[in-house]
Every structure is written in C-alpha cells, then in structure tokens.
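First up is the structure itself, then whatever we jot down about it.
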Amino acid sequence: MAKLHTPEGVTPALSLQPVNFAAEDPGIGGWQPLMDQAVGADKAGIDRLVVSDHVVLGENLGHYADPKRGGTEGGVQPTGPDGHWLDPLVVISMWAALTTHTRFLTGILIAPRRRPATLAKQLSTIDVLSHGRLDIGVGVGWQEEEYQANGVAYKGRGKALDETLEIIQTLWRDQAAAHSGEIANFEKIHLNPKPLRESGVPLWISGRLNKNVLQRIVRFGSGWIPWGEDAMDPIGGLAKIATEMEKAGRDMTGFQAGTYLQIVEDGGKIDAEATVAAVGAMAEAGITDFRVTLDLPNEEAATHDLLAPLVEAFRKQAGR
692 MAKLHTPEGV TPALSLQPVN FAAEDPGIGG WQPLMDQAVG ADKAGIDRLV
742 VSDHVVLGEN LGHYADPKRG GTEGGVQPTG PDGHWLDPLV VISMWAALTT
792 HTRFLTGILI APRRRPATLA KQLSTIDVLS HGRLDIGVGV GWQEEEYQAN
842 GVAYKGRGKA LDETLEIIQT LWRDQAAAHS GEIANFEKIH LNPKPLRESG
892 VPLWISGRLN KNVLQRIVRF GSGWIPWGED AMDPIGGLAK IATEMEKAGR
942 DMTGFQAGTY LQIVEDGGKI DAEATVAAVG AMAEAGITDF RVTLDLPNEE
992 AATHDLLAPL VEAFRKQAGR
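Counting from 692, one number per residue, gives the positions in the sequence shown under this note's numbering.
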C-alpha cells in the first residue's frame, strides 16, 4: 500500500521555490527544466517545493510595491504584463507524478478568485493522487485587475477568502454538506474524494498580521506564510499568533510557520553552513519551514548536486 505522507508537525523543513514563470515564452520544451529541477530537489532531500500564482496580469505592476493594496514595500513584480506564469496546481500535479517524498505548497494561491467547490475538488484530487503531500498557502494577493478578469469583486476580497475557506473545509468534512453565504448557498451536497486526512488539506494563511488575518489563521490555519514587514520578524509574528490561538482555545502543536533563508555565497559557491546557521535557534522558537530561492541548473543531476550539501547542512542544524 502506498505511504501516506503526513505533515512534519514541528520538525523543521527545508523548502525550495523554483521559478514557474518566465519573462518571455520559453517555447516548446522550455519548461522541462522546471520538472527536472523538481526531481533533482526530491532526490537531494528537499522537503517541500513551493510554487506561485497569477492567472492574468494587468499593467499597473507598480502596485506590487504598495502595502495598502496587499503588496510589499519596495517589491518588484518579476515579469512584465506579458510574462508567462504556469498554473500552480497544474505544476504541482506534474511534480507529484515525478517525485516520491517532497511535499508541495502554493506560495500563495489567490483563492478568492477561484470557485470554492471546484477548488475543493482540485485540491482533494491532488492530495489523494500525491498520497497526502499537499499543503495550500492562500492569500488575497495585490492585483485588482486579476479579480476583474475573473469576475470577482476586489473590494471585500478578505471576506471572500474567509467564505471560500469555509466552503472548502465544509465540503471536505461533511458527507452531505450545507452552506449559506454570499458566495454560495447549497445543502445536501456531496464532494468526493475527500482529502486523505480528516482535517483536510493543510491551509497556510499568508498576510500581514492585522486583526482580520489573525482571525483567519485562528479559524482556518494549519500554518502561516509571513508577508510584508512581518516577514522580517517571523518569531515575533508567531508570538502574536500564539496569543490569539490561546484566546480561542486552540493548541499550537503542529502549527507551521515559515521564514526565508538568505543564500550566503563564498567565492561564487553556496556556503551551506553559513546559509543555515540560524536554523537551530529559529526552530527552537517555533519556525518550521525554511524557504530558499536560488538560481537552479536546468538539469536534474546538477540540481541534485547543488542542493545536496545544503540539505545536509540544514538537517545537521535542525537536529534531524
């Protein structure tokens, strides 16, 4: 029988975010390196692969640097409006077929502009076919045009995200599901297959830790993806979450919290030990997911050889 891959709980994990976008059309076969990189990362021992999301792009890309719109101060959108972005759920489906142990995370899926029941079905299907290796990071994004193109109101997108997550979890949990809200109204609806865990696919909530995001984490979250200024102090952010969890009577055991590792180079090569030097202390403070982004070779073997020393150093620091 195939093995069910369970979440790591508080075990520190090393995540890698390959690039699922291109400034220009890479042509037929041009995306093959993204598949080969995933296989190389899996064989090297990377714990989680992360993939980003854009369905369409408008032309006001400077809004990415506007925190009031959900962007981040100083942020730069990595492509122009004609950039090519692969759908994250399709990419994960491909990765799942090619890999054996690594988990997958959307970083992030802009869930409010997807239809909830269809999204619930897509996620449960991927979860079943990947033997439970799926985590889903969700947020509201920053681009108003992306909502317009999908026929979804930009204003009130946080409330729409909450209802979307409520519908998804209801459909996963209940055999004859019912819901009454602004997005959908239904009763005695059956969605199968269910995710492999009774609790459903783990939902990681992204966003600045304002009141609404904190409430969303308490209500739905299995994890937190820091954003904006909170990404500079994930341990402080985790303390805020723990306070709200305690107020709500929720146990923090197994809760996932992420951070980003800065790649340190020495003579043009990755200094693995320096890159992961802070992992032990941060893991002791409750950080469980350590994400790296770096230029990857196109080939599977070269990707493996680049990442294997980093994985080894990480596991040593993490006490694994």
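Even glycine gets a Cβ: it sits at the ideal position worked out from N, Cα and C. Please read all numbers here as calculations on a predicted model, not as lab measurements.
Closest by C-alpha distance to residue i, when choosing among the options
i, options, result
"Glu1012", "Pro884, Gln866, Leu740, His754", "Absent from the model: residue 1012. The displayed extent of the chain is 692 to 1011, so no value can be given."
"Met936", "Asp924, Gly949, Trp915, Gly919", "Trp915"
"Arg1006", "Val843, His995, Ala968", "Ala968"
"Ala974", "Gln1008, Gly959, Pro807, Pro717", "Gln1008"
"Ser706", "Phe795, Leu777, Val829", "Phe795"
"Phe981", "Gly959, Ala939, Pro917", "Pro917"
"Leu810", "Gly891, Gly959, Gly945, Glu1003", "Gly891"
"Ala713", "Gly771, His775, Val747", "His775"
"Thr763", "Ala844, Gly718, Trp833", "Trp833"
"Ile961", "Val742, Val843, Gly928, Val1002", "Val1002"
"Leu748", "Glu873, Gln768, Leu740", "Gln768"
"Lys931", "Gly830, Ala976, Glu889, Gln953", "Ala976"
"Asn841", "Met943, Asp924, Val746, Pro717", "Val746"
"Asp924", "Thr855, Leu952, Trp786, Leu882", "Leu952"
"Val904", "Gln839, Tyr845, Gly761", "Gly761"
"Thr797", "Ile954, Leu777, Thr791", "Leu777"
"Gly919", "Val909, Leu900, Arg910, Gly771", "Leu900"
"Val782", "Glu750, Thr770, Met726", "Met726"
"Ile908", "Glu857, Glu889, Ala869, His870", "Glu857"
"Asp942", "Gln839, Leu987, Thr984, Gly912", "Gly912"
Assigned exposure category for residue i - 16 Cβ within 10 Å defines buried
i, result
"Ser821", "buried"
"Asn876", "exposed"
"Thr793", "buried"
"Ser897", "buried"
"Gln723", "exposed"
"Pro719", "Before going on, a small fix: residue 719 reads as Ile here, not Pro. With fewer than 16 other Cβ atoms within 10 Å, it is exposed."
"Ala808", "buried"
"Gly830", "buried"
"Leu997", "buried"
"Ala972", "exposed"
"Ala788", "exposed"
Euclidean distance between Cα positions of residue i and residue j
i, j, result
"Gln906", "Ala992", "44 Å"
"Gly766", "Trp895", "22 Å"
"Asp757", "Ala922", "16 Å"
"Trp1012", "Glu715", "There is simply no residue 1012 to check, as the chain begins at 692 and stops at 1011 in what is shown."
"Pro964", "Gly736", "This sequence places Glu at residue 964; Pro is not what is there. Rounded to whole angstroms, Glu964 to Gly736 spans 16 Å at the Cα level."
"Lys694", "Lys759", "Unreliable positioning characterises Lys694 in this predicted model, as indicated by a pLDDT of 46, which lies under 50. A coordinate reading is not provided."
"Thr994", "Ala948", "26 Å"
"Asp957", "Ala933", "38 Å"
"Val710", "Asp744", "11 Å"
"Ile799", "Leu780", "11 Å"
"Gln860", "Lys879", "15 Å"
"Gly872", "Val843", "15 Å"
"Leu887", "Gly959", "44 Å"
"Gly717", "Asp865", "Strictly speaking, residue 717 in this sequence is Pro, with Gly absent from that position. Pro717 and Asp865: Cα-Cα distance of roughly 43 Å."
"Arg1011", "Gly823", "22 Å"
"Ala867", "Leu882", "8 Å"
"Leu825", "Val742", "12 Å"
"Asp738", "Ala704", "6 Å"
"Thr979", "Gly828", "15 Å"
"Lys902", "Lys846", "17 Å"
"Glu699", "Ile874", "Unreliable placement is indicated for Glu699, whose pLDDT of 43 sits below 50; the coordinate value is still reported in the next sentence. Those two C-alpha atoms are separated by around 33 Å."
"Asn989", "Gly721", "10 Å"
"Arg910", "Ala869", "18 Å"
"Thr855", "Gly940", "23 Å"
Residue i CB to nearest heavy atom of the ligand COA below 6 Å
i, result
"Asp957", "In the structure on display, the ligand COA does not appear, and there are no ligands present to speak of."
Minimum Cβ-Cβ distance from residue i to chain B less than 7 Å
i, result
"Thr984", "The question asks about chain B, but that chain is absent: this structure has only one protein chain."
Touching by the beta-carbon criterion (3+ pairs, under 8 Å), the segment 803 to 821 and the segment 721 to 741: no
What residue ranges within the segment 850 to 928 form continuous beta strand (DSSP E) runs of no fewer than 3 residues, ordered along the chain? 868 to 871, 876 to 880, 894 to 897, 914 to 916
Okay, do the segment 799 to 813 and the segment 850 to 857 touch, 3+ Cβ pairs below 8 Å being the bar? yes
In chain order, what are the residue ranges of uninterrupted beta strand (DSSP E) at least 3 long that sit wholly in the segment 937 to 992? 947 to 951, 980 to 983
Identify every run of the beta strand (DSSP E) within the segment 714 to 770, keeping only runs that are complete inside it and at least 3 residues long; order them along the chain. 739 to 742
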